[in-house]
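Novice: Next up is a structure, given as structure tokens.
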Ligand code: BGC
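Residue numbers (the numbering used here): 177 to 422.
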């Protein structure tokens, strides 16, 4: 059973067909740069470019890096103010012709981890975290997604969102040593523990690449696991979101 997933991020738009039985990509993923400014029109054209590459005319699932409710964008996050209130699914359909299901990007990555990765069979409260341009979060209770939790927007000092303190992009920008980044991640994981007491936090995105070095530096009491679907989680989860079209 093959579906198509697109993961839209602050720096790249990546897509591939996915086999939902195995949770694996069936062709090498293709990437186009996220246009800057990331306006609705420019992004819809980039999505079309990606679908044209695969000559894909079937339904498409998209993970989108803002709050998304019933296909509608509800925040600008790291994109562009013109996105707010746009019906993303309808816009993409009008430009590409395909049917679209659009959900939050971190919710999509979490769906993949819960089905094929470190969250498989995990019950209770599981939080999946994606460390990238921002911090994305997926919340699952007994395996069921509760959408649109924006834990990257919890505040730290001076009312800034915590993603401006601990995201992977901040590590790169500030040239943080791994020990310094670990300290910031501890702050964030302890914060999560204080607000929702997760049974498990699954850590994906930038941190998963250097997990062996990073894990011993973390001292939070919350149970942590590294994401297993790595780079592809967003694409796989987005494809999963479109399965109602089958
Ligand atoms: C956005 C989230 C998104 C995350 C990762 C945050 O800035 O508010 O909706 O999931 O970045 O892309």
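All residues carry an ideal CB built from backbone N, CA and C; glycine is no exception. These numbers come from a predicted model, not from an experiment.
(1) By how many angstroms is the C-alpha of residue 316 removed from the C-alpha of residue 339?
(2) If the criterion is Cβ atoms closer than 8 Å, does the pair residue 427 and residue 237 meet it?
(3) Alpha carbon to alpha carbon, what distance is there between residue 278 and residue 261?
(4) So, are the CB atoms of residue 321 and residue 295 less than 8 Å apart?
(5) With a threshold of 16 other CB atoms inside 10 Å of the CB of residue 276, please say whether the residue is buried or exposed.
(6) Taking the beta strand (DSSP E) that residue 312 belongs to, which residues open and close that run?
(7) What residue range does the alpha helix (DSSP H) around residue 289 cover?
(8) Would you say residue 256 and residue 323 are within 8 Å of each other, going by their C-beta atoms?
(9) Output the boundary residues of the beta strand (DSSP E) element that contains residue 190.
(10) Verify whether the separation of the beta carbon atoms of residue 494 and residue 419 is less than 8 Å.
(11) For residue 380, which option in 291, 304, 231, 299 has the closest C-alpha, if you only look at C-alpha atoms?
(12) Where does residue 410 sit, in a helix, a strand or coil, going by DSSP?
(13) Please classify residue 280 as buried or exposed, where buried requires at least 16 neighbouring CB atoms within 10 angstroms.
Specialist: Inspection of the coordinates gives the following:
(1) 20 Å
(2) As shown, the chain starts at 177 and ends at 422. That puts residue 427 outside it, with no answer to give.
(3) 13 Å
(4) no
(5) buried
(6) 311-317
(7) 281-292
(8) no
(9) 188-195
(10) Shown here, the chain extends from 177 to 422; a query on residue 494 therefore has no answer.
(11) 304
(12) helix
(13) buried
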